[in-house]
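Q: This is the structure I want to talk about, given as C-alpha cells.
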Amino acid sequence: MAYSDKDISKDAVIVNELGLHARSAAKIAEIARHAKSNVWIIKGSEKVDAKSIIDMLTLGCTKGSNITIKIDYQPDIEVLDRIVRLVESGFGE
C-alpha cells in the first residue's frame, strides 16, 4: 500500500472472538505510545486516540468490526504497521 501525507491509514478487521477488549486495547496503546505524533482508531464516524485504552473501549468493536488505524506523521509508519499486524493476528490470543 502506498502512503501519502494526506491519508496515512490502513483498514483492519477485528478477528478475535472477544473483540477489542481491555487487554487487546492495552496492547495497541503500548505500541501507539512509541509514535511521535497522533495514532487514531476509527470505527464508522467515531475517531479515538489509540494511546487511550478507555477511548478505544468506547468504540464497542466486536468480532468482525471494521476499523481504520490512522497516523498523523509519516515517520510513524512502523507503528501503524505493527498495530495492523497485531489486530490481524487476533491480538495474539
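Counted from 1, the sequence shown has number 1516 at position 62 by my numbering; the numbering is strictly sequential.
Backbone N, C-alpha and C define an ideal beta-carbon position, used for all residues, glycine too.
Values in this document were obtained by computation on a predicted structure and should not be read as measured data.
Alpha carbon to alpha carbon, what distance is there between Ser1499 and Leu1540?
A: Cα to Cα, the separation comes out at about 23 angstroms.
Q: For the beta strand (DSSP E) that contains Val1502, what are its first and last residues?
A: That run of the beta strand (DSSP E) goes 1500 to 1503.
Q: Sort Ala1466, Lys1490, Ser1506, Arg1477 by Cα distance to Lys1497 and report the nearest one.
A: The shortest C-alpha separation from Lys1497 is found at Ala1466.
Q: Runs of 3 residues minimum, wholly inside the stretch 1503 to 1533: which ones carry the beta strand (DSSP E) assignment?
A: Within the stretch 1503 to 1533, the complete beta strand (DSSP E) runs of at least 3 residues are 1520 to 1525.
Q: For Ser1463 and Leu1534, what's the separation of their Cα atoms in angstroms?
A: Near 8 angstroms, if we compare the C-alpha coordinates of Leu1534 and Ser1463.
Q: Using a Cβ-Cβ distance under 9 angstroms, would Ala1466 count as near chain D?
A: Here chain D cannot be found, since the structure has a single protein chain.
Q: Quick check: the Cα distance between Asn1470 and Arg1477, rounded to an integer number of angstroms?
A: Each residue's alpha carbon lies about 12 angstroms from the other.
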